[in-house]
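Have a look at the structure below, then the notes.
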Amino acid sequence: MHYLPREQSSFQFSKENTPVLKIESGERVTFQTYDCFSNQVTSEEHLVTSIDFSRVNPATGPVYVAGALPDDVLKVEIHDVKVRDWGVISTLPGTGPLTHRAETKTKIVPVENSCVAHFNERISFPVEPMIGVIGVAPAGDPVPCGHPGNHGGNIDTHVITKGSTVYLPIGVEGALFGLGDVHAAMGDGEIGGTGIEIAGEVETTISVLKGQTLPRPLVETADSWYTVAADHDITTAIRMACEDMQELLVTKWDLSLTDAYLLMSVAGDVQMCQCCKPSPVEVVARFRMPKIDNMPRLIG
Ligand code: CA
Ligand code: ZN
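Numbering (the working numbering), first residue to last: 338 to 637.
Right, here's the structure in full:
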């Protein structure tokens, strides 16, 4: 079992980053993580407009995985996501569909035992902590951890939680994997711009799948598979997530393109991960296919 402290983190997924840990395929690694603000916001008097934005979205890592080569797939099993006993919610100026009806506000939210958030004296709700930033170094130019892409990154997919498995297309030798930006809770779309941003600890097992390829991230939960795609255009992101699922159903279940399309139309769901931000590459869509009877595994 390896343990990575949160100080061993970086702000971009890059093939130039020096690994902070080297492991063999199949080893367990626990990542301690900052919140997305690098823990700069500690009270309701701290507004996000006054923090150092060059230090947002750190990812703990990168981890070099022996045997990982470009076009292999990295399998990351999430055994547990534990969080600190308080988190931060904030509106972000100019961000999201209700920004014209909100002020800039920081809210500190107590979180009990990683499972209940106390929004205020009257409102509490159950939470399932999730991982916002998870990815590998892309083959090309570095990508800031705040951006999503084919390599993963800030995909803000709330089904990436305890018990789920994330499959990522490897871009460079060693994969150079990292994660951060844990949320005690986040709704689809993250409409206000933040989840309950919170420092945490994520337990994983990281393995290399040889002889398999993926164009973009794939997520498996107990009852579903999810393809995840990012683009500046919402329609394109949805189309890419749908195409990825269609391709998997065609190759793994021996369906025609049209039959896969028909099945997806009646049994699957288009869902949004992230659609609040004004910046150019920030829409992340996913397609959910439930594990229906006789469906083969889509990978691994
Ligand atoms: Ca995020
Ligand atoms: Zn976040």
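Note that beta-carbon positions come from the ideal geometry of N, C-alpha and C, so glycine has one too.
**Request:** Flag Gly518 as yes when its Cβ comes closer than 7 Å to any non-hydrogen atom of ligand 2, and as no otherwise.
**Result:** Here residue 518 turns out to be Asp, not Gly, going by the sequence shown. Asp518 Cβ: within cutoff of ligand 2.
| task | Would you check if the distance between the CB atom of Gly515 and the CB atom of Val400 is smaller than 8 Å? | result | yes
Whose C-alpha, out of Glu381, Ile492 and Thr572, is nearest the C-alpha of Tyr563?
-> Ile492
> What did DSSP end up calling Met523 once you bin it into helix, strand or coil?
Replying inline: coil
Compute the minimum distance between the beta carbon of Cys613 and the heavy atoms of ligand 4, and state whether it is under 7 Å. For ligand 4, the structure offers nothing, since it holds only ligand 1 and ligand 2.
Note down the Cα distance separating Ser593 from Met582, rounded to an integer number of angstroms.
13 Å
- Item | Three-state class that DSSP yields for Glu465 in the structure shown | coil
Note down, in chain order, each residue of its chain lying with its Cβ closer than 7 Å to the Cβ of Ser501, except the 5 sequence neighbours on either side. Ile415, Val556, Glu557 and Thr558
query = Are the region 387-394 and the region 433-452 touching by the rule of at least three beta carbon pairs closer than 8 Å?
reply = no
(message) Let me check understanding here. Comparing Cα to Cα, which of Val620, Tyr598 and Ala521 lies closest to Thr373?
(response) Per the sequence shown, the amino acid found at residue 373 is Cys instead of Thr. Comparing Cα positions, the closest option is Ala521.
(message) Could you check whether Val565 and Val411 sit closer than 8 Å to each other, using their CB atoms as the reference points?
(response) Looking at the sequence provided, one finds Leu at residue 411 rather than Val. Their beta carbons are not under 8 Å apart, which means Leu411 does not touch Val565 by this criterion.
With DSSP as the reference, identify every bridge partner of Tyr563, one or two as the case may be. Val556 and Arg625
Compute the minimum distance between the beta carbon of Asp493 and the heavy atoms of ligand 1, and state whether it is under 7 Å. yes
Cβ-based burial, Pro407 [other Cβ within 10 Å; buried from 16]: exposed
Review point. Does at least one heavy atom of ligand 1 sit under 7 Å from the Cβ of Val470?
Key: yes
Residue from Ile468, Ala578, Leu358 and Arg459 whose Cα sits closest to the Cα of Pro554: Ala578
- Segment limits, alpha helix (DSSP H) that includes Leu600: Leu594 to Ala604
Report task. May I have the straight-line CA-CA distance separating Thr443 from Phe456, to the nearest angstrom? Result -> 12 Å
Practice prompt. On a CA-only basis, which of Val509, Asp417 and Leu586 is nearest Leu599? Give me that one, please.
Written response: Leu586
Item to complete: Go ahead and label His484 buried or exposed: buried means 16 or more other beta carbons lie within 10 angstroms of its beta carbon, across all protein chains shown.
Response: buried
- request: Answer yes or no: the CB of Cys482 versus the heavy atoms of ligand 2, is any distance below 7 Å?
  value: no
Checklist entry - Whose CA, out of Gly477, Asp630, Glu527 and Glu580, lies closest to the CA of Met467? => result Glu527
Beta-carbon spacing of Lys628, Asp560 below 8 Å: yes
Does DSSP put Ala454 in a helix, in a strand, or in coil?
strand
Please determine, among Val420, Val621, Arg625 and Asp630, the residue with the shortest C-alpha to C-alpha distance to Asn487. Val621
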